[in-house]
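>
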Amino acid sequence: SQKIEQNSEALNIQEGKTATLTCNYTNYSPAYLQWYRQDPGRGPVFLLLIRENEKEKRKERLKVTFDTTLKQSLFHITASQPADSATYLCAPSASLGGYNKLIFGAGTRLAVHP
Amino acid sequence: NAGVTQTPKFRVLKTGQSMTLLCAQDMNHEYMYWYRQDPGMGLRLIHYSVGEGTTAKGEVPDGYNVSRLKKQNFLLGLESAAPSQTSVYFCASRQGSHEQFFGPGTRLTVL
Chain L
1 SQKIEQNSEA LNIQEGKTAT LTCNYTNYSP AYLQWYRQDP GRGPVFLLLI
51 RENEKEKRKE RLKVTFDTTL KQSLFHITAS QPADSATYLC APSASLGGYN
101 KLIFGAGTRL AVHP
Chain A
115 NAGVTQTPKF RVLKTGQSMT LLCAQDMNHE YMYWYRQDPG MGLRLIHYSV
165 GEGTTAKGEV PDGYNVSRLK KQNFLLGLES AAPSQTSVYF CASRQGSHEQ
215 FFGPGTRLTV L
């Protein structure tokens, strides 16, 4: 069955450093992959989408890579700030009934310390 | 624009009781989704809709029913609640882009 793996342990980094989060998937080939941010007690918020034919996507301080050979996506936040502290969810697409759905990982909690 | 709203925000039920969760979106989106989120697990798709009057099963549909009588509303029903349905429920919607817009969630406890 389709499986998404994200680091279950929290990632603690110092303000100003680059945070790198990993998402691995098995048993299928997604057409695209999305990253979401979720703050405690709130719904996820979309950050970036990368397609299978794209190696890298950037948006301001965020960068996502997509390696379909390794079946892995990396999510980078450069010059991290305490306000970046949140849980980040990886969500590769999968086909369901002729439509694309998202399969969400459990998320990685990021804590950026001043 | 309110985006995606969910009611209620919190609810406590006893085993066997029924309830309906309401999701409303004011973005004229075609697609709507209901997910549940449990500790240590990713969001799991319960049911989804690709347009007004349509519904379809997701990954974990057992024990739930849905209706999409109006484009802006997507209702999730629990006919006979069980403790295993204790969870946080999220509704989401999307239009042409793949980005999903999520509501704030409903925290449900079944005793």
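Protein chains in written order, with the working numbering: chain L, 1 to 114; chain A, 115 to 225. For every residue, glycine included, the Cβ atom is placed at its ideal position computed from N, Cα and C.
So glutamate 166(A) and lysine 185(A) are supposed to be a Cβ contact under 8 Å. How far apart are they, rounded?
So it is a contact: roughly 4 Å between Cβ atoms.
> Assuming contact is defined by CB atoms lying nearer than 8 Å, are glutamine 34(L) and histidine 212(A) in contact in what I supplied?
Yes; because the gap between Cβ atoms is below 8 Å, this pair is in contact.
> Contact criterion: CB-CB distance below 8 Å. Does isoleucine 50(L) meet it with respect to chain A?
Answer no: the Cβ-Cβ gap between isoleucine 50(L) and chain A never drops below 8 Å.
> Could you please give me the residues that DSSP links to glycine 191(A) through a beta bridge?
Glycine 191(A) pairs with Thr134(A), Asn179(A).
> Let me make sure I understand the geometry here. Which of Tyr32(L), Lys71(L), Ala86(L) has the alpha-carbon closest to that of isoleucine 77(L)?
Ranking Tyr32(L), Lys71(L), Ala86(L) by Cα distance to isoleucine 77(L) puts Ala86(L) first.
> Under 6 Å Cβ to Cβ from arginine 51(L), same chain only, skipping five residues before and after it: list those, please.
Result list for arginine 51(L): Tyr32, in chain order.
> Is DSSP giving aspartate 84(L) helix, strand or coil here?
It is helical.
> Which residues in chain A sit within 9 Å of arginine 109(L), going by Cβ to Cβ distance?
What arginine 109(L) touches in chain A: nothing, since even the nearest Cβ is about 12 Å away.
> In chain A, which residues lie less than 8 Å from glutamine 72(L) when you measure between Cβ atoms?
Simply none; closest approach about 17 Å.
> Can you tell me whether arginine 182(A) is buried or exposed, with buried defined as 16 or more other CB within 10 angstroms of its CB?
Arginine 182(A) comes out buried.
> Please state whether DSSP places proline 197(A) in a helix, a strand or coil.
Proline 197(A) falls in the helix class under three-state DSSP.
> If you measure from the beta carbon of phenylalanine 46(L) to each beta carbon in chain A, is any gap under 8 Å?
Output row for phenylalanine 46(L): interface = yes.
> Measuring only from the beta carbon, is alanine 31(L) closer than 7 Å to any heavy atom that is part of the ligand GTP?
Absent from the structure shown: the ligand GTP. Ligands present: none.
> Excluding sequence positions up to five away, which residues of its chain have a Cβ less than 6 Å from the Cβ of glutamine 235(A)?
Any answer about residue 235(A) is impossible in this case: the structure gives chain A only from 115 up to 225.
> Which residues in the same chain have their Cβ closer than 7 Å to the Cβ of glutamine 81(L), if we skip the five residues on either side of it in sequence?
Correct list, in chain order: Glu15, Val112.
> If distances are taken between C-alpha atoms only, which option among Leu157(A), His161(A), Met141(A), Gln131(A) comes closest to valine 118(A)?
Nearest option by C-alpha distance: Met141(A).
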